[in-house]
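Peer 1: Those letters in the sequence shown? Residues 0 to 135, by numbering that gives the first Met the number 0.
Every residue, glycine too, gets a C-beta built ideally from N, C-alpha and C.
Here it is, the structure in full.
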Amino acid sequence: MVRKLLLIVVLLFVFIPPTKAQDLTGKWRWNSPNGQVVYSLTLNQISKDRFSGVHCIQNFKRNIEECFTPDQEITVTLVKITENLFKGSLLSGIGKDREMREIQVQYLPLEDRILFNLTMVPKKSFFIPLEAILQR
């Protein structure tokens, strides 16, 4: 009986693919359906439950670009709420038009994608997508 249980446990570890739970580190990218907008997040893990990084939004039709690098400043912060679900903020805009937005990111480890959402829809024009599915 013990041998059968041991065999079952070993087979489970062999046949269940490993997942990258909580692994948000890296560059994530989304392209709009018409190809005119590219949005990306570059994230780094700063502690067990915290990530920070930068964003980049390029709108080719409107000739708008808002891109940051980690050596300039951090524009994205995320904190783990539950398994694979993170809440945080995104600082967008330039100069006096800068605004902090609340965001939510859900990591889908089996698809290696993240679901990005602005949790509060801005009243005025905003370049960051309200929702996007980003992939590495």
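#1: Per DSSP, what kind of secondary structure is G94 in: helix, strand or coil?
#2: Using a Cβ-Cβ cutoff of less than 6 Å, which residues in the same chain neighbour L84 once the five nearest sequence positions on both sides are dropped?
#3: Do you know how far the Cα of V78 is from the Cα of K26?
#4: Starting from the Cα of S91, find the closest Cα among D111, D48, I127 and L23 and give me that residue.
#5: Would you list the one or two residues that DSSP bridges to K47?
#6: In three-state terms, what does DSSP make of L129?
#7: Output the boundary residues of the beta strand (DSSP E) element that contains K122.
#8: Please return the same chain residues whose Cβ sits closer than 7 Å to the Cβ of A131, not counting the five positions on each side in sequence.
#9: By the three-class DSSP mapping on this structure, what secondary structure does A20 have?
#10: How long is the line joining the alpha carbons of R97 and K86, rounded to whole angstroms?
#11: With DSSP run on the structure shown, which of helix, strand or coil describes S88?
#12: Find the nearest neighbour of N43 within the set P121, S124 and I73, judged by alpha-carbon distance.
#13: In its own chain, which residues sit with a C-beta less than 7 Å from the C-beta of D48, not counting the 5 before and 5 after it?
#14: Compare the C-beta of I127 with all C-beta atoms of chain B and state if any pair is closer than 8 Å.
Peer 2: The short version:
#1: Reduced to three states, the DSSP call for G94 is helix.
#2: Around L84: Q105.
#3: So the two alpha carbons sit approximately 18 Å from each other.
#4: When each option's Cα is compared against that of S91, the closest is I127.
#5: DSSP output for K47 lists no bridge partner at all.
#6: If DSSP states are grouped into helix, strand and coil, L129 belongs with coil.
#7: From DSSP, K122 is part of no beta strand (DSSP E); its letter is neither H nor E.
#8: Taking A131 as the centre and dropping the five residues before and after it, the same chain places the C-beta of W29, Y38 and F115 closer than 7 Å to its C-beta, in chain order.
#9: Summary for A20: the model assigns pLDDT 46, below 50, so the residue's position carries little reliability; its value from the coordinates is reported in the next sentence. Reduced to three states, the DSSP call for A20 is coil.
#10: Rounded to whole angstroms, the gap between the alpha carbons of R97 and K86 is 20 Å.
#11: Looking at S88 - three-state DSSP - the assignment turns out to be strand.
#12: Of the listed residues, the one whose Cα sits closest to N43 is I73.
#13: Cβ-Cβ distances below 7 Å link D48 to V78 and K79 in the same chain, with the five nearest sequence neighbours on each side left out; the list follows chain order.
#14: The structure shown contains no chain B; it holds only a single protein chain.
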